[in-house]
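For the record, the sequence lines run as chains B and X. Counting in this note's numbering, the first sequence runs from 14 upward without gaps. Counting in this note's numbering, the second sequence runs from 14 upward without gaps. Structure first, commentary second.
Protein chains: 2
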Amino acid sequence: MTKKTNIAEIARLAGVSTATVSYVINDVGKVSEQTKKRIRDIMADLDYIPSINARSLSNGQTKLIGVTLPLIAPSDTTGTLLETNPFFAEYLGEIHKVISSYGYDILLSGIQVKGKYKNWIQSRGLDGIILLGSYPPDIYEEVKALNIPTVLTDVYESYANDFHSVNTDDAEGSYLATKHLITLGHKKIGFVGGSIKESPIHNNRYLGYGKAMLEANLKVNNDWIFETLTTFEGGIALAQQLMKDKIELTALVVDADIVALGIMKACQDSGRKIPDELSIVGFDDIQAASFTSPGLTTIRQYISKKGEIAANLIMKDILANARTTESKVVKSKLIVRGSTKLWNE
Amino acid sequence: MTKKTNIAEIARLAGVSTATVSYVINDVGKVSEQTKKRIRDIMADLDYIPSINARSLSNGQTKLIGVTLPLIAPSDTTGTLLETNPFFAEYLGEIHKVISSYGYDILLSGIQVKGKYKNWIQSRGLDGIILLGSYPPDIYEEVKALNIPTVLTDVYESYANDFHSVNTDDAEGSYLATKHLITLGHKKIGFVGGSIKESPIHNNRYLGYGKAMLEANLKVNNDWIFETLTTFEGGIALAQQLMKDKIELTALVVDADIVALGIMKACQDSGRKIPDELSIVGFDDIQAASFTSPGLTTIRQYISKKGEIAANLIMKDILANARTTESKVVKSKLIVRGSTKLWNE
DNA sequence: CTGAAAGCGCTTACAG
DNA sequence: CTGAAAGCGCTTACAG
């Protein structure tokens, strides 16, 4: 337990004041090249590393960015969320990449209890926060009161305007997906999505589907719209129901790959041929979408791009000590694999 | 920008010293119930949140645990690693779950350049670190010199003894995998793994395979041992080679699911029936292993268990201000899905 | 170009 | 049961 060398010791050894040492550490003030070099040599000799902590206390910057995950269901933990939803990891990685280049670090947290979250931000003195996913409305008010640089992702609600926000063009994405099927000759195209009423994302994806259908003068049959949990099991269950009810669809627009993969597996396990008997388009392009045989045709969401934008937005405000609000939309893209096919009838 | 309320203001309002306020915050010292209550009320009124930062500076504890990812290839970033390898996210989530219950936070980093890593730990004043995966040997020396609670995961090298370490029973796992195939009647069983020379993990998994083969008096044909990159593409490429060379194996023990999935896809895309023409067992049980049709029979690694153990080991040392070294092994388990089948011949 | 000194917001022996 | 005061390791006007 040797005592950590501090700025005072460097100053003593160099025969200067701590102020001067601080100046050369931060490269401010006009210290003569000579003393600068002398001090630097001593720091190197002693393996001196300034304490970010101490610095934070005096200048008020922790160089810490909070990234939070939405713990909505009571069973949600940062663990299950990171495991189940590959997006969060991708976001995390990309944000880390950007902010670490500025010497910032990520502090990870889940948001569950309202007050606890605020405490966390304040007690850690975070310089900014990035909220992944969506949360109960009162969280946003609370965050707003904190008045620190904040970016929201995938939030469509009006309070998104109070912060930076980054979205995917969800409606356009499923429009492309649907149009792809229409171009292939499909007419009886169903839609599978998460709760349209409760989630603006799902609603937007639904609307994109509707738009493409209407444009092509295809009827949107209410019986062809299915709501599921956005899980693999949700997809399995739905597919089993569809097969049992002998629904006469030739194609499905599914608003999440994880669900599409469940549908595909349930169908294949029952001996149905994909895409021969049913074409499926997913949304997201998670890694597993290319693991199956056939691969899943899907709409790629550029999560890493979104993460990068989110990180840059927050860094911009932090560095400029500003509080601006920008809204960015990242284009999605149709990725054609083997799960969709021409339909002649 | 209202000034943040601090301990001095609370003290003033309560008519006590800052010491007393500090005592009630930390619940130490015998402050009278009366003053305690008065102080607590004032803190609540003012929404006072103590600064962890300031506390750290005076008591030396940051309540921060570093978790690092191995950036080995030049192209590795925290981003690509977290995306590609679902384990890291699972580890992260589980570690977070445990340590956050102690009021600790995770600081995420990649390790690449030697000195930079040490700087990071020191400048942030981390209370402990968990190294995910394996690193160049000199990293371990450096970490050891830091003399802070440290846990290693999946490291077999001798320097693991200098730290806490958590492993899977890799050899036992692939022994089980191989035995499963043998029980099903397979005799011509190949092994696919990462570099056996360079990685003790892959080597252990190979040895488990060998043990089962020898026990069953089956010959281990050198031509049946394949080395690949541990990637989906590695699996694809290998399968294409196998089909081209018309290798006469009936089953494959693959030491990573991601590779097994690649092999399976390449085979299926070429019209080969799995498991009718070839049985495959993977290792890891990543999420996607249950997405394919058939599902992948595999050896489940309990990553979340490993994460939990790692977190508890580090918390124990931190809380006791000790520096112990324990070595834990987490049992793996055979999960039978559809990719393996009886072989009669 | 450099230094003396106050300050950031806490904790912690020590004294009473 | 409570307080005065030093200290943690930095930064930053201000003065010269």
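For each residue, glycine too, the CB sits at the ideal point set by N, CA and C.
Item: Residue range of the alpha helix (DSSP H) that includes X/His177; Value: Segment 177-181 is the beta strand (DSSP E) holding X/His177; no alpha helix (DSSP H) there.
Item: C-beta neighbour in chain X for B/Asp268, strict 7 Å; Value: no
Item: Three-way DSSP call (helix, strand, coil) for X/Leu231 in this model; Value: coil
Item: Whether B/Ser188 touches B/Gly221 by CB criterion (7 Å); Value: For the sequence presented, residue 188 of chain B should be read as Tyr rather than Ser. Yes. Within cutoff.
Item: Rounded straight-line distance, which links the Cα of B/Leu77 to that of B/Asn334; Value: 15 Å
Item: Start and end residues, beta strand (DSSP E) containing X/Thr311; Value: 311-313
Item: Among X/Val266, X/Ser340, X/Lys129, X/Asp330, the one whose alpha carbon lies nearest that of X/Ile161; Value: X/Asp330
Item: For X/Pro83, the residue or residues it bridges with in DSSP; Value: X/Ile124
Item: Near-chain B residues of the region 104-124 of chain X (beta-carbon distance less than 7 Å), N- to C-terminal order; Value: Leu105, Gly106, Glu107, His109, Lys110, Asp118, Ile119, Leu120, Leu121
Item: Beta bridge counterpart(s) of B/Ala323 as assigned by DSSP; Value: According to DSSP, which records beta bridges pairwise, B/Ala323 is partnered with nothing at all.
Item: Beta carbon proximity, X/Arg137 to chain B, threshold 7 Å; Value: yes
Item: Separation of B/Glu321 from X/Leu105, as counted between CA atoms; Value: 21 Å
Item: Residues sharing a beta bridge with X/Phe239, DSSP; Value: X/Val205
Item: N-terminal and C-terminal residue of the beta strand (DSSP E) that B/Thr163 is part of; Value: 163-166
Item: Nonlocal neighbours in the same chain, by C-beta distance under 6 Å from B/Ile55, ignoring five residues either side; Value: Ile23, Leu26, Ala27
Item: Neighbour list for B/Gln281 in chain X, Cβ cutoff strictly below 7 Å; Value: Ser306
Item: In DSSP terms, what X/Gly141 is bridged to; Value: X/Ile78
Item: Residue interval of the beta strand (DSSP E) (run including X/Ala264); Value: 264-267
Item: Length of the line joining the Cα atoms of X/Gln47 and X/Ile134; Value: 42 Å
Item: Secondary structure of X/Val342, DSSP reduced to three states; Value: strand
Item: Distance CB(X/Thr353)-CB(X/Ser292) smaller than 7 Å; Value: yes
Item: Interface residues of chain B facing X/Ala67 [CB-CB closer than 7 Å]; Value: Leu70
Item: Contact residues within the region 79-95 of chain X, judged by C-beta distance below 8 Å to chain B; Value: Thr90, Thr91, Gly92, Thr93, Leu94, Leu95
Item: Nearest candidate by alpha-carbon position, reference B/Pro307, set B/Ile316, B/Gly141, B/Lys286; Value: B/Lys286
Item: Beta-carbon separation (whole angstroms), B/Val205 vs B/Asp268, contact threshold 8 Å; Value: 7 Å
Item: Interface flag, X/Ile327 vs chain B, CB-CB below 7 Å; Value: no
Item: DSSP beta-bridge partners of B/Val294; Value: B/Val266, B/Thr310
Item: Any C-beta of chain B under 7 Å from that of X/Asn19; Value: no
Item: Among X/Asp183, X/Tyr61, X/Arg53, X/Val164, nearest to X/Asp175 - alpha-carbon criterion; Value: X/Val164
Item: Chain X contact for B/Lys192 (CB, 7 Å cutoff); Value: no
Item: Proximity of X/Thr311 and X/Ala323 at Cβ, strictly below 7 Å; Value: no
Item: Extent of the continuous alpha helix (DSSP H) to which B/Leu26 belongs; Value: 20-27
Item: Closest by C-alpha distance to X/Ile152, when choosing among X/Ala32, X/Lys50, X/Ala67, X/Gly123; Value: X/Gly123
Item: Any C-beta of chain B under 7 Å from that of X/Ile55; Value: no
Item: DSSP beta-bridge partners of B/Asp118; Value: B/Leu77
Item: Neighbour flag for B/Ala102 against chain X, beta carbons, 7 Å; Value: yes
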